[in-house]
Amino acid sequence: MHSRLYPFSAVIGQEELKLSLLLNTVNPRIGGVVIRGEKGTAKSTTVRALGALLPEKISAIEGTGCSPDVVTLPLNATEDMVAGGIDFQQTMKEGRRVFQPGLLAKADGGILYIDEVNLLDDHIVDIVLDAVASGENHVEREGISFAHSASFVLVGTMNPEEGELRPQLLDRFGFCVEVAAESDAERRVELMVRREAFDADKRGFIQRYRKENEMVAERITAARSLLLRVAVPSHLRGFITELCRENNVAGHRADLVIEQAAKAHAAYSGSREISVDDITAVAGLALVHRRRDPVPPPPPEPPQEKKDDQEQSNRENNKQPEQPRSAEQKHHEDAGNNPQKEQQEQGESEGNDTEDREEGRSGIDEEQPEGDSAVSVVEQLFNTGMPFKVRKISSPKDRKTRRGSGRRSRSRVSQKQGRYTKSTVKRKNNDIALDATLRAAAPFQRHRENNRGMAVVLKDQDIREKIREKRLGNLLIFVVDASGSMGARGRMVASKGAVMSLLIDAYQKRDKIAMVSFRKDDAVVNLPVTSSVELAATMLREMPVGGRTPFSAGMVKGYEIARNHLIKEPEARPILILVTDGKVNKALGPEKPLDEAFEISRKISREERIRFLVVDTEDPGLINFGLARKIAGLLGAEYYKIDDLQADSLLSVVKNVAS
Amino acid sequence: MNKNTQYTYPFTAIVGQEQMKLALILNIINPTLSGVLIRGEKGTAKSTAVRALADILPEIEVIEGLPFNLAHDEEPDIIRECFAVTGEEVPADDSLSLSKQKVKVVELPVGATEDRVVGTLDLEHALKAGEKRIEPGLLAAAHRGILYVDEVNLLDDHVVDVLLDSAAMGVNTVEREGVSFSHPSRFTLVGTMNPEEGELRPQLLDRFGLCVHIEGISDPVERVTVMERRFAFEENPEAFCAQRSEESARLVEKIRGARELYPEVAISRDNLLAIANYCLEVGVDGHRGDIIIMKTAKTIAAYDGRGEVEKSDIDQAVMLALPHRIRRQPLQDIVMDVGAVLKR
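Top line first, the protein sequences correspond to chains A and B. Taking our numbering, the leading residue of the first sequence gets 1, the next gets one more, and so forth. Taking our numbering, the leading residue of the second sequence gets 660, the next gets one more, and so forth.
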């Protein structure tokens, strides 16, 4: 295949990328590279070109019988093909289970390449990570127990637009390289010229760069034999440690990676001893994704570039239970500290209550009252704040099967659609996993009576069915506080920005949405359940603000929508997003508004199929009532300040995990 | 093609929509443009145009006996593997028989399952003979042809991943369900979408070489022509197609000429610099924009019968290649007027 690949030495620029790949081929113990960057920056081209440079054999592999190469792990690979499984053809012939090596065995001693590594399925990632960590692949499946060596350089590319990589996985990569497009027009021209020359005459082009490529390959081979003899002066070990400490990196992997990389760098430059230059040349590559202090993040992510941060949902979900708990604890503390403030607030609410009732009698028209109410309600329209990339919001994966479409939360699905992840003995939907069935039947073929001339005799107990998994959209119900208190100091602008961000996210995940707003006397369903996010965006832009805060009414409306939806689709997982500052001052019944709000929140939280999310819009001023936080606690909701809603940058994700 | 069974509405009979027609023709002349995304409302002849392509597509030589549309100058290793996985006898290198066939338009339905797209284990053969054999999928059929996805924005995520994988490398790698093989899959991706139903993932968007936006025709006279032609076609498709056959033949001839001319089209360094500056000025991700503009400009020149790219070719190419590559705000429509962006 090499004669079709764009030559490594013809790649323009991307020096960091090239260096890190070369060092990894010299010394696989560096632990691989993850390449991050915008689309169309020769990420894949460079990695694939590397295959042509690999020395003939890194280590002898039994059974695969070919020189090490860049082994591609496609995103849709199934578990048995990655780890290895039963070879049914051989098994049938021999009447005993024969192991068929998977991709990990093929990659042994070479490079395992995962394009779009951030989109890879979780269970595959786990298998790969296990192998990387131990250098071995243990197979325990389908009645086989087998282990083989699997040491390879893991190279992944990713486009951060499509979502970030889970931090545990990120840390496993020795190096992290950022790539960007050339900003120099002349070089861009050169790039076009080369590409065109390559497309016009592939063989000729490759021939032209052959010399250079061979030189690089020779250099790699020479560096490899030199590598074992490269010495590390002890004072430089201290320097490495110092470097890591200065950068606050998590764990000791960075130290080890830098040392190995520096050795490779020294060997590659033909030296037998590491120098300070070797270390500084590679330190950045090993530190950029491990650094814990908030240095400027690698790629300034333009806020507009929104993406389905696909593959992270599960990981984040795993972490999420902690957040509400701590929120709850805090709110208990708050409640303990500020009983007076609460009293005061309730007093205020009581006072307002009477006014509210008067007002309630005067106008039923929610949108444009004639201004005859006891308190003149100032109506305002606010702009929408700058939208940003929202953090991952999704339902946790469970074992229920559903049907539908969309992209938010991962779920097992009952339709014959989605990614085939595993097989099961249970019979449900006639979605037969042929491969697993054959593998199950294979060992018994020699002993079964075969009277119909078929090669395989299948018994009922052999049948395996597919378990499929895909992402489904959720129903997002926005309950937005549009009361007067929200209008103060630009809070509504920020809130609208937050809701808009959530809407954009919903749009990309193909969610259904509904929107309820509450202000003055009542709550209004601005938008019944729909898929049109554009409509919701328009409603949001035109949403007026002013009046009291009839919180309970809003919650009840939102809950009704969720409940009706659940009657229609019992397996659905609606998410109710409450945007409020929690300054409740209007009740439905005769109770005190705040008490009623708490009571209603407590009751609604009993419906376990609905997930809640509270976005607190309260100004972080001197006096914080923390009411939205208290409500969130009662609802068992995830609680965010508007600022917390932003998606974490790469570095802060690492930071959270490390601390 | 299937004269006896079904007639497709002739490509040359489509009224207006010049940008779309040009983009499609350019992709036939130069398959390395890697496709076109057609955005527009319902009922604007999007699908009709793509299906009509069948009539004006050129012929290619393929290795006989394989469902992979392989060219004879493919790597011998790959050819051998393809024969092996389909359970065919591997012929000696010099005894490959070739046959001519028209470039195919392979349709990828939105609901397609992954195994149909990438290929899977041949169930019948596995049961009967107890051997592994591959049943190639749509990506094999689409090699060197056109892969057409109607409503591409509604495509399931995991199918999109597969498309991205093979579009990136021109190879479809299958590691599923007990089979492990790869085969070349270089196709021209043609997608239609109605932006009202949601956007594409940017990664996929970037894989489309060109992007055109089409609207219903606003000129009443032309609208009447649309109706008249449609009516005439439905009344008597045979006669209608026959009437147009001469024009179709002329177009086929023109495309063939352009295909031959394309490798000789030259582009000056100044023009390349202009392209690079365009891209820098407008702000695009990566280098794919530059490369596509260059190729498009050269293809336009070839279609025009010229051996040298002119400034106007580049301007035209920019309009086709940049709209979906300009960085933009969320929920903001794709900028169709590239010129306006430049003036800012």
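Beta carbons: idealized from backbone N, C-alpha and C, even for Gly. Bear in mind the structure is a predicted one, so any value in this text is a computation, not a measurement.
Under DSSP, the alpha helix (DSSP H) around residue i begins and ends at which residues?
| i | result |
| --- | --- |
| Val941 of chain B | 928 to 941 |
| Ser904 of chain B | 896 to 920 |
| Thr437 of chain A | 434 to 441 |
| Leu576 of chain A | Segment 575 to 580 is the beta strand (DSSP E) holding Leu576 of chain A; no alpha helix (DSSP H) there. |
| Val603 of chain A | In the sequence under discussion, the amino acid at residue 603 of chain A is Lys, which differs from the Val named in the question. 593 to 604 is the extent of the alpha helix (DSSP H) around Lys603 of chain A. |
| Ile279 of chain A | 276 to 287 |
| Gln260 of chain A | 253 to 268 |
| Arg48 of chain A | 43 to 50 |
| Ala800 of chain B | 797 to 800 |
| Phe670 of chain B | Careful: Phe670 of chain B lies outside any alpha helix (DSSP H) and carries neither H nor E. |
| Arg29 of chain A | Unbroken run through Arg29 of chain A: none, as it is neither H nor E. |
| Glu571 of chain A | Per DSSP, Glu571 of chain A belongs to no alpha helix (DSSP H) and is neither H nor E. |
Using a Cβ-Cβ distance cut-off of 8 Å, determine whether residue i contacts chain A.
| i | result |
| --- | --- |
| Gln678 of chain B | no |
| Ile722 of chain B | no |
| Gly884 of chain B | In the sequence as displayed, the identity of residue 884 of chain B is Thr instead of Gly. Not one chain A Cβ lies under 8 Å of Thr884 of chain B. |
| Gly966 of chain B | no |
| Leu932 of chain B | yes |
| Thr832 of chain B | yes |
| Met828 of chain B | yes |
| Leu806 of chain B | no |
| Asn1004 of chain B | Here chain B comprises residues numbered 660 to 1003, so residue 1004 of chain B is not present and cannot be evaluated. |
| Thr691 of chain B | yes |
| Val769 of chain B | no |
| Met978 of chain B | no |
Determine the closest residue to residue i out of the options, with distance taken between C-alpha atoms.
| i | options | result |
| --- | --- | --- |
| Glu259 of chain A | A:Glu607, A:Val232, A:Tyr268 | A:Val232 |
| Asp80 of chain A | A:Ala105, A:Val276, A:Ala49 | A:Ala105 |
| Pro550 of chain A | A:Ala185, A:Ala254, A:Ala482, A:Lys93 | A:Ala482 |
| Ala788 of chain B | A:Gln90, A:Pro160, A:Pro101 | A:Gln90 |
| Phe727 of chain B | B:His802, B:Tyr921, B:Ala980 | B:His802 |
| Gln676 of chain B | B:Gln862, B:Glu874, B:Leu780, B:Glu893 | B:Glu874 |
| Ala180 of chain A | A:Glu38, A:Ala107, A:Pro101, A:Met539 | A:Glu38 |
| Thr671 of chain B | B:Glu906, B:Leu848, B:Leu716 | B:Glu906 |
| Gln975 of chain B | B:Asn812, B:Glu734, B:Thr958, B:Gly964 | B:Thr958 |
| Val720 of chain A | A:His289, A:Phe625, A:Gly156 | Not covered by the structure: residue 720 of chain A. The range shown for chain A is 1 to 659. |
| Lys583 of chain A | A:Ser485, A:Lys211, A:Asp278 | A:Ser485 |
Does any residue of chain B have a CB that is nearer than 8 Å to the CB of residue i?
| i | result |
| --- | --- |
| Ala335 of chain A | Legend: pLDDT at Ala335 of chain A = 41, less than 50; position of this residue unreliable, no value from coordinates given. |
| Arg188 of chain A | yes |
| Val456 of chain A | yes |
| Gly497 of chain A | no |
| Thr538 of chain A | no |
| Leu438 of chain A | yes |
| Gly363 of chain A | Residue confidence is low: Gly363 of chain A scores 36 on pLDDT, short of 50, so the model does not pin down where it sits. Its coordinate-derived value is still stated next. Not an interface residue. |
| Leu119 of chain A | yes |
| Glu328 of chain A | Below a pLDDT of 50, predicted positions are generally treated as unreliable, and Glu328 of chain A, at 42, falls in that range; the measurement from the model is reported next regardless. Glu328 of chain A does not count as touching chain B. |
| Thr78 of chain A | yes |
| Lys39 of chain A | yes |
| Thr421 of chain A | no |
| Pro160 of chain A | no |
| Thr530 of chain A | no |
| Glu15 of chain A | no |
| Arg48 of chain A | yes |
| Ser44 of chain A | yes |
| Asp435 of chain A | yes |
Query - Contact residues within the stretch 82 to 104 of chain A, judged by C-beta distance below 9 Å to chain B - result: Val82, Gly85, Ile86, Asp87, Phe88, Gln89, Met92, Lys93, Gln100, Gly102, Leu103
Query - the stretch 191 to 202 of chain A: positions lying closer than 8 Å to chain B by Cβ - result: Leu191, Met192, Val193, Arg195, Glu196, Asp199, Ala200
Report task. Scan the stretch 162 to 227 of chain A and note each continuous beta strand (DSSP E) run of 3 residues or more that stays entirely inside, going in chain order. Result -> DSSP runs (the beta strand (DSSP E)) wholly in the stretch 162 to 227 of chain A: 175 to 179.
Report task. Could you name the residues of the stretch 890 to 922 of chain B whose beta carbon sits closer than 9 Å to any beta carbon of chain A, in the order they occur along the chain? Result -> Pro922
Requested in this report: Note down, in chain order, all residues in the stretch 170 to 185 of chain A with a beta-carbon under 8 Å from any beta-carbon belonging to chain B.
Outcome: Ala181, Glu182, Ser183, Ala185
Report task. Report the residues of the stretch 779 to 798 of chain B with a CB closer than 7 Å to any CB of chain A, ordered along the chain. Result -> So the close ones are Leu780, Leu782, Ala785, Leu786, Lys787, Ala788, Gly789, Glu790, Lys791.
Query raised in the report: Taking Cβ-Cβ distances below 8 Å as the criterion, which residues of the stretch 588 to 621 of chain A are in contact with chain B?
Result: none
Report task. Enumerate, from N- to C-terminal direction, the unbroken beta strand (DSSP E) stretches of 3 or more residues contained entirely within the stretch 444 to 508 of chain A. Result -> 465 to 472, 475 to 481
Requested in this report: Identify each residue in the stretch 128 to 152 of chain A for which the Cβ-Cβ distance to at least one residue of chain B is less than 8 Å, and report them in chain order.
Outcome: Identification of residues in the stretch 128 to 152 of chain A having a C-beta nearer than 8 Å to some C-beta of chain B yields an empty set.
Report task. May I have a chain-ordered list of the beta strand (DSSP E) segments no shorter than 3 residues that lie completely inside the stretch 772 to 846 of chain B? Result -> 778 to 780, 793 to 795, 805 to 808, 830 to 835, 838 to 843
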